[in-house]
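The next block holds one structure in the form of structure tokens; read it before the comments.
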Amino acid sequence: MIKYKRILLKLSGESLMGEQQYGIDVNRLNTYATQIKAIADMGIQISIVIGGGNIFRGLSGASKGYDRVKGDQMGMLATVINSLGLSSAFNAIGQKSRVLTAIRMEPIGEIYSKWKAIEAMENGEIAILSCGTGNPFFTTDTGSSLRGIEIEADVMLKGTRVDGIYTADPEKDPTATKFDKISYDEVLNRGLKVMDLTATVMCKENNLPIVVFDMDTEGNLEKVMRGENIGTYVHA
Numbered sequence: 406m407i408k409y410k411r412i413l414l415k416l417s418g419e420s421l422m423g424e425q426q427y428g429i430d431v432n433r434l435n436t437y438a439t440q441i442k443a444i445a446d447m448g449i450q451i452s453i454v455i456g457g458g459n460i461f462r463g464l465s466g467a468s469k470g471y472d473r474v475k476g477d478q479m480g481m482l483a484t485v486i487n488s489l490g491l492s493s494a495f496n497a498i499g500q501k502s503r504v505l506t507a508i509r510m511e512p513i514g515e516i517y518s519k520w521k522a523i524e525a526m527e528n529g530e531i532a533i534l535s536c537g538t539g540n541p542f543f544t545t546d547t548g549s550s551l552r553g554i555e556i557e558a559d560v561m562l563k564g565t566r567v568d569g570i571y572t573a574d575p576e577k578d579p580t581a582t583k584f585d586k587i588s589y590d591e592v593l594n595r596g597l598k599v600m601d602l603t604a605t606v607m608c609k610e611n612n613l614p615i616v617v618f619d620m621d622t623e624g625n626l627e628k629v630m631r632g633e634n635i636g637t638y639v640h641a
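Take a look at the structure:
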């Protein structure tokens with residue numbers, strides 16, 4: 406039994422660092438590609454948004470004196486580098502993919518449109534959606550929410566290094582407890598740092614459920630697809 410037919414998978418740029426302090430860990434990239442191909446082989450239509458924090462984060466750049474708009478544009482380009490890396494990893498294992506960019510930059514990638522992304526997925530390709538929304542002051546979390554809504558995904562999966570949403574940061578507070586399910590409103594009222602506020606509200610207003618799970622544990626992605634109780638389910 407497969408629970409979802411079409412998904413938007415959000416991967417953090419930091420997760421691509423693996424054991425490194427910066428950039429892309431090829432082993433981590435290949436592990437992700439293999440796991441994602443496994444669910445593509447199940448017939449699931451997949452689109453992916455990757456952050457760029459392993460290379461450059463606009464907000465942190467702004468705190469160091471960069472112009473915020475230029476900093477965010479640099480962050481968008483970082484997501485393209487990660488997207489090309491993932492596309493290359495897919496190619497190496499025989500999985501077709503297509504990189505779509507929110508900012509025009511052929512021949513690196515095609516300009517994004519909802520219909521191109523859906524066409525790619527329906528043809529068995531993985532649609533890798535880069536550059537966030539294409540606008541400054543919006544995170545890749547918001548980009549993921551927007552794209553997930555646009556392509557009519559059944560769910561947005563947020564693959565992280567933590568196995569779900571907790572009452573507090575489990576890496577800092579040993580007493581933190583995990584939610585199996587939680588509503589959008591409770592996430593907002595508690596001020597939980599699942600995604601930024603804009604992204605969470607967009608999912609709430611458009612009834613796009615979110616699953617937050619540990620992507621670094623091999624097999625978890627397939628378990629989510631089969632409806633197993635992995636991670637935290639965010640709902641209306």
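Each number in my numbering comes from the position in the sequence shown (counting from 1) with 405 added on. Where a beta carbon is used, it is the ideal one built from N, C-alpha and C, also for glycine.
In the three-state reduction of the DSSP assignment, Y571 falls in the strand class, which pools E and B. Comparing alpha carbon positions, the residue from M630, R566 and D585 closest to E419 is R566. Here the alpha carbon of V474 sits roughly 5 Å from the alpha carbon of P541.
Rounded to whole angstroms, the Cβ separation of E623 and T436 is 7 Å, and the two are in contact under 8 Å.
The shortest C-alpha to C-alpha distance from A581 to any of N634, T572, I615 and G553 is the one to T572. V599 and V592 do touch by the CB rule: their CB atoms are close to 5 Å apart, below 8 Å. Take G463, set aside five residues on each side of it, and the residues of its chain with a beta-carbon closer than 6 Å to its own are G476, D477 and G480, in chain order.
Boundaries of the beta strand (DSSP E) harbouring L413: R411 to L416, taken from the DSSP string. Comparing alpha carbon positions, the residue from I407, R411 and M406 closest to G529 is R411. Taken through DSSP and simplified to helix, strand or coil, E511 comes out as coil. In the displayed model, Y589 falls within a helix according to three-state DSSP.
A straight line joining the alpha-carbon of G539 with that of F584 spans about 33 Å. In terms of CA proximity to I486, G457 leads the group G423, G457, F618 and N432. Excluding residues up to 5 positions away in sequence, L421 and G490 lie with their Cβ nearer than 6 Å to the Cβ of I429 in the same chain. For L562, the enclosing beta strand (DSSP E) begins and ends at V560 to T565. Nearest to G564 by C-alpha distance, out of G466, K577, D590 and Y638, is Y638. In the DSSP secondary-structure assignment, F543 is not bridged to any residue. The continuous alpha helix (DSSP H) containing D477 extends over residues R473 to A497. For V617, there is no enclosing alpha helix (DSSP H); the enclosing beta strand (DSSP E) covers residues I615 to D619.
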